[in-house]
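Under my numbering, residues 132 to 267 are what the sequence shown spells out, in order.
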Amino acid sequence: MNKNLHPIFAKRIQQVLDENGWSMADLSRRVMLSHTSVRKWASGTSVASGERLKRLSAVTGRPEYWFFMAPGDESEGERAEPKPRVLDEKEETLLSLFNQLPEAEKLRVILHTKAVLQEMDLLKNDVFDLINGLKK
Numbered sequence: 132m133n134k135n136l137h138p139i140f141a142k143r144i145q146q147v148l149d150e151n152g153w154s155m156a157d158l159s160r161r162v163m164l165s166h167t168s169v170r171k172w173a174s175g176t177s178v179a180s181g182e183r184l185k186r187l188s189a190v191t192g193r194p195e196y197w198f199f200m201a202p203g204d205e206s207e208g209e210r211a212e213p214k215p216r217v218l219d220e221k222e223e224t225l226l227s228l229f230n231q232l233p234e235a236e237k238l239r240v241i242l243h244t245k246a247v248l249q250e251m252d253l254l255k256n257d258v259f260d261l262i263n264g265l266k267k
């Protein structure tokens, strides 16, 4: 029963992926959810709500209500580029320190961080699979 119950939400998820050049795996990592949850959003079988919707809004820079508005329903002001996200204190500190590094070190930090995130993603999927296995 894979019906598209939420086509507008699914279109908005696809729009976010396209505009940012993200895959569903990228989005799932950014909102700290399983690939399955994001895949359900993208197919329209479920929608984000509560804390998940807040995280989705934060990582995309779009207001929560935007995900439920059909393209073309936005007012003229909403059609403009989304406002840049304001960095919190930790992000500002991290960016400041990162910008002080030599280019070679910046690349090393980026590669290391990507590797750590991939390992965490694999671990999260393993835990998710174990939990699903226990439920069966």
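Ideal Cβ positions, reconstructed from N, Cα and C, are used throughout, including at glycine.
For the pair Phe259 and Ser165, the CB atoms are nearer than the 7 Å cut-off.
The same chain holds no residue with a CB closer than 6 Å to that of Pro202 once the five nearest residues on each side in sequence are set aside.
A contact is defined here as three or more CB-CB pairs under 8 Å, and the stretch 137 to 152 meets this definition with respect to the stretch 163 to 177. A residue is called buried when at least 16 other Cβ atoms come within 10 angstroms of its Cβ; Ile144 meets this threshold and is buried. Lys171 counts as buried, since at least 16 other C-beta atoms from the protein chains shown sit within 10 angstroms of its C-beta.
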